[in-house]
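Notes for the one structure printed next.
Residue numbers (our numbering): 91 to 282.
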């Protein structure tokens, strides 16, 4: 009898906790203005949708680039900030400027390729990844991303397998290599 009452008490307490949580959430949502999350977390944001601390970094880096248009680090960092915010046009613009100064930078070219993919241009993304791999024969991320875009955006299973085989030649071991091998086995069985 005591055991049954204990279970009943636990069940009632659990349900009461859920109800209280829902009421609390609804009450606070009604009182909060409906703003994008980045603006809520940083009410003094100078630009809509961009948190204040990131906007300050962008402004600072842009002033560095204005003073010295050849400032490669500032151009890359601007591209990275826009990359992180998924603002692909701005990221591409700064990555392209950085690549004018350092055309064989495979990391920057790969990041630019990712932005082209997010922009909806998988062909340009693949071209950037292949150029990065050509410029740096040991660059694994460009090969990995080539496979991702070929598989998911182009539906090219054979092309993805080929890209990932190239990846495995450069990075034959490690967790990512193991995941790729497993994925390739599944893909090969599907292609049969």
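A virtual CB, placed ideally from N, CA and C, is assigned to each residue, including glycine.
Residue i (DSSP reduced to helix, strand or coil)
| i | result |
| --- | --- |
| residue 263 | coil |
| residue 158 | coil |
| residue 143 | helix |
| residue 274 | helix |
| residue 244 | coil |
| residue 175 | coil |
Cut-off 8 Å between Cβ atoms - residues of its own chain near residue i, not counting five sequence neighbours on either side
| i | result |
| --- | --- |
| residue 198 | 166, 169, 185, 188, 189, 192 |
| residue 258 | 267, 270, 271 |
| residue 200 | 218, 219, 222, 229, 231, 232, 235 |
| residue 209 | 178, 179, 182 |
| residue 246 | 240 |
Endpoints, alpha helix (DSSP H) assigned at residue i
| i | result |
| --- | --- |
| residue 205 | 196-209 |
| residue 229 | Unbroken run through residue 229: none, as it is neither H nor E. |
| residue 179 | 178-191 |
Contact set for residue i: own chain, Cβ-Cβ below 6 Å, skip 5 residues either direction
| i | result |
| --- | --- |
| residue 215 | 203, 206, 207, 239 |
| residue 260 | 228, 230 |
| residue 150 | none |
Residues of its chain near residue i, where Cβ-Cβ distance is below 7 Å and the 5 sequence neighbours each way are ignored
| i | result |
| --- | --- |
| residue 147 | 171 |
| residue 154 | 161, 164 |
| residue 55 | The chain is shown only over 91 to 282; residue 55 falls outside these bounds and no answer can be derived. |
Anticipated Cβ contact below 8 Å, residue i with residue j, distance rounded
| i | j | result |
| --- | --- | --- |
| residue 274 | residue 251 | 6 Å |
| residue 244 | residue 212 | 6 Å |
| residue 225 | residue 276 | So it is not a contact: roughly 31 Å between Cβ atoms. |
| residue 237 | residue 253 | 4 Å |
Assigned exposure category for residue i - 16 Cβ within 10 Å defines buried
| i | result |
| --- | --- |
| residue 173 | buried |
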